Ligand code: BV8
């Protein structure tokens, strides 16, 4: 059994599977369709140029779902681990939901953006949204630069993920790299485990199915994150 003391540098990468037990559908489970839309129709810059209302409503629907879900024991277990490790803990998530934040995780990088945030394409300022008026509106104008339409602060396919240089630096210098609830399909997120391994980290996986990058893991726990993580974290920190 791996021991994690407060000086161990741990980096976590989560995917849609960690939010599954909270009731948020994963991407794989919906047969590659997102709420019955093909990726190209709702999660690319072209989709936004071609049909901004379709894209806007797709994200509004997912934002509204945030009001009906809450963090599950897997999210909470990561907060316990962070409390044990302090600054030696970093949580990188591919998820755009706010469940890590609501569970109490602090040191979090949302590498694919966040549903609760909007960005102006002209002045690039980022704005919080989540109140009723925002959720009902179908056009939110930038208050800082002549009413340009704000876009979801989401990294779409063909766009560059956020804070990559910080992510690479932390992954290159961690002792333990843990993937949780991710199928390992989408790059560069799915390539982080190879980077960690090449830099000497021990790699652990927790997933319902075997992910595409299964062979990169030194330890793998198959099953539901909400059932596995609480005990695993308890063993690690005691
Ligand atoms: C980039 C935000 C350049 C959107 C997301 C051809 C053309 C163009 C691009 C490409 C191409 N080929 C490859 C690419 C690159 C592309 C890519 O990887 N495509 C894939 C489809 C092949 N990537 C990009 O375009 C990225 N940008 O490459 O820019 C670049 C590269 C390097 C450096 C600089 C620049 C941008 C990708 C980001 C796209 N945005 N999200 C939104 O949410 O609306 S991606 C989105 O899909 C998620 O964020 C996540 O990353 C991915 C889904 O993956 P998972 O989270 O793993 O979810 P999934 O459903 O797949 O799996 C869930 C797992 O959980 C399953 O394995 C299941 O078994 C498990 N599970 C289920 N329940 C549980 C569970 N596990 C535990 N417990 C449970 N209860």
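Numbering (my numbering), first residue to last: -19 to 218.
Cβ atoms here follow ideal geometry from the backbone N, Cα and C, with glycine treated the same way.
Small disclaimer: the values here were computed from a predicted structure and weren't measured.
Residue of the options minimising C-alpha distance to residue i
| i | options | result |
| --- | --- | --- |
| residue 221 | -14, 101, 35 | Residue 221 lies beyond the range of the chain shown here (-19 to 218); nothing can be said about it. |
| residue 109 | 103, 84, 96 | 96 |
| residue 27 | 139, 74, -1 | 139 |
| residue 71 | 78, 77, 165, 90 | 90 |
| residue 131 | 107, 56, 141 | 107 |
| residue 77 | 102, 56, 214, 45 | 45 |
| residue 54 | 113, 216, 218, 2 | 2 |
| residue -15 | 66, 29, 144 | 66 |
| residue 182 | 156, -13, 39, 212 | 156 |
| residue 104 | 113, -13, 203, 121 | 121 |
| residue 52 | -4, 218, 39 | -4 |
| residue 165 | -13, 191, 39, 38 | 191 |
Residue i and residue j closer than 8 Å at C-beta
| i | j | result |
| --- | --- | --- |
| residue 169 | residue -7 | yes |
| residue 92 | residue 134 | yes |
| residue 196 | residue 179 | no |
| residue 23 | residue 136 | yes |
Continuous beta strand (DSSP E) stretch holding residue i: start and end
| i | result |
| --- | --- |
| residue 42 | From DSSP, residue 42 is part of no beta strand (DSSP E) but of the alpha helix (DSSP H) over 32 to 46. |
| residue 133 | 130 to 134 |
| residue 182 | 182 to 187 |
| residue 126 | From DSSP, residue 126 is part of no beta strand (DSSP E); its letter is neither H nor E. |
| residue 106 | 106 to 108 |
Test: residue i CB closer than 8 Å to a CB of chain D
| i | result |
| --- | --- |
| residue 166 | Reference to chain D is not applicable here, since this structure consists of a single protein chain. |
Host alpha helix (DSSP H) of residue i (start-end)
| i | result |
| --- | --- |
| residue -15 | It is not in any alpha helix (DSSP H) - residue -15 carries neither H nor E in the DSSP assignment. |
| residue 148 | 144 to 152 |
| residue 56 | 53 to 65 |
| residue 88 | From DSSP, residue 88 is part of no alpha helix (DSSP H) but of the beta strand (DSSP E) over 88 to 90. |
Residue burial classification, residue i (beta-carbon count within 10 angstroms, cutoff 16)
| i | result |
| --- | --- |
| residue 88 | buried |
| residue 83 | buried |
| residue 167 | exposed |
| residue 150 | buried |
| residue 94 | buried |
| residue 43 | buried |
Exercise. Are there three or more Cβ pairs, one per stretch, closer than 8 Å when the segment 186 to 206 is compared with the segment 149 to 164?
Worked result: Flag = yes, the segment 186 to 206 and the segment 149 to 164 touch.
Exercise. Using 8 Å as the Cβ pair cut-off and three pairs as the minimum, do the segment 118 to 133 and the segment 171 to 180 touch?
Worked result: Using a C-beta cut-off of 8 Å, the segment 118 to 133 makes no contact with the segment 171 to 180, since fewer than three inter-stretch Cβ pairs fall below that distance.
Problem set entry | contact_flag[the segment -13 to 2, the segment 63 to 78] where n(CB pairs < 8 Å) is 3 or more | Because the criterion of three Cβ pairs below 8 Å is met, the segment -13 to 2 and the segment 63 to 78 touch.
Exercise. Within the chosen definition, does the segment 97 to 105 reach the segment 51 to 71 through at least 3 CB pairs nearer than 8 Å?
Worked result: In the pairwise beta carbon analysis, the segment 97 to 105 is classified as not touching the segment 51 to 71: fewer than three pairs are separated by under 8 Å.
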